[in-house]
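Data first, discussion second: the structure below is written as C-alpha cells.
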Amino acid sequence: MFGIPKIAAAAAALSLFAPGVASAPASNLTGSADDDLVKRAPNSCRSNERNGYIHFDIWSENFYDISGRCAGLWANFQPRFPSCAVTSGYCGGIEDTHILNWNFNVPLGCGGGSVNSAWWEATRNEFGPLFC
Numbered sequence: 429m430f431g432i433p434k435i436a437a438a439a440a441a442l443s444l445f446a447p448g449v450a451s452a453p454a455s456n457l458t459g460s461a462d463d464d465l466v467k468r469a470p471n472s473c474r475s476n477e478r479n480g481y482i483h484f485d486i487w488s489e490n491f492y493d494i495s496g497r498c499a500g501l502w503a504n505f506q507p508r509f510p511s512c513a514v515t516s517g518y519c520g521g522i523e524d525t526h527i528l529n530w531n532f533n534v535p536l537g538c539g540g541g542s543v544n545s546a547w548w549e550a551t552r553n554e555f556g557p558l559f560c
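Residue numbers for the sequence shown follow our numbering, so the first one is 429 and each next one is one higher.
In C-alpha cells form, the structure reads like this:
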C-alpha cells in the first residue's frame with residue numbers, strides 16, 4: 429500500500445494538486461478512515477471559463493480501478509445531464525499510484541453540481557467527496 433507521504437510526494441512532484449491540497453500533516457489525522465479522507469482532501473476540482481464553455485479538471489488520490497470507475501463517471505454524467513454535452517473529455521490516471529485525472533469541457537449552462545452528482549453516483553464518495 430502507498431502511504432500518505434509517498435502519494436503526497438508523487439502528487440507534488442507531478443504538480444497534480446493545488447498547494448496544500450494533497451494531504452494534511454499526519455498529526456491531524458484521527459484514525460477514522462471516513463474522517464481522515466475528508467481531512468486529507470484527496471480530491472481537487474478546478475474549473476474555469478474558456479470561450480463559451482467551462483473546463484473542469486479533477487484529480488483524486490487513493491483511487492482504485494481507474495478504468496472501471498472512469499466508465500462509471502461518464503455513464504453517470506453525460507446521459508443524466510443533457511445540458512452538459514462533453515467535448516475534449518479524458519478520464520484516466522496512473523494505476524500503480526492510484527491517481528485519477530478526469531477533465532472535460534462543457535457548455536456554460538453545466539454547473540459544478542452536475543459534476544458532483546455524477547461523482548457521487550459513480551463512487552458513492554468511496555474516495556472522498558468532490559466539490560466543484
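Positions of the beta carbon are idealized from the N, C-alpha and C atoms, including for glycine.
Just so it is clear, the structure is predicted and the values come from calculations on it, not from any experiment.
Boundaries (first-last residue) of the beta strand (DSSP E) holding residue i
i, result
"Gly-539", "Segment: none, Gly-539 is in no beta strand (DSSP E) and carries neither H nor E."
"Asn-490", "Per DSSP, Asn-490 belongs to no beta strand (DSSP E) and is neither H nor E."
"Cys-473", "471-478"
Residue closest to residue i, alpha-carbon to alpha-carbon, out of the options
i, options, result
"Gly-539", "Pro-470, Ala-550 and Ser-475", "Ser-475"
"Ala-546", "Leu-536, Gly-537 and Cys-560", "Cys-560"
"Ser-516", "His-483, Asn-553 and Asn-479", "His-483"
"Gln-506", "Asn-544, Glu-554 and Arg-552", "Asn-544"
Cβ shell of residue i (< 6 Å), same chain only, five flanking positions each side left out
i, result
"Asn-471", "Ser-488, Gly-556 and Leu-558"
"Ile-486", "Cys-473 and Trp-530"
Sub-7 Å separation of residue i and residue j beta-carbons
i, j, result
"Asn-533", "Tyr-481", "yes"
"Ser-542", "Cys-519", "no"
Own chain partners of residue i with C-beta closer than 7 Å, once the 5 adjacent residues on each side are dropped
i, result
"Tyr-492", "His-526"
"Gly-521", "Phe-491, Ile-494, Ile-527, Leu-528 and Asn-529"
"Ala-550", "Arg-497, Gly-500, Leu-501 and Asn-504"
"Gly-537", "Ser-511"
"Ser-460", "Model confidence at Ser-460 stands at a pLDDT of 46, short of 50, so the residue's coordinates are unreliable; what they give is reported in the following sentence. Answer for Ser-460: no residue qualifies."
Cutoff 8 Å; reference residue i; Cβ partners in own chain excluding five residues on either side
i, result
"Asp-462", "Any reading at Asp-462 is ruled out, since the residue's pLDDT is 44, under 50, leaving its predicted position unreliable."
Which residues DSSP lists as bridging residue i, in chain order
i, result
"Asp-485", "Arg-474 and Asn-531"
"Thr-515", "Asn-533"
"Gly-521", "Leu-528"
Residue i: CB within 6 Å of a non-hydrogen atom of the ligand PLP
i, result
"Val-543", "Within the structure as shown, the ligand PLP is missing, as the structure has no ligands at all."
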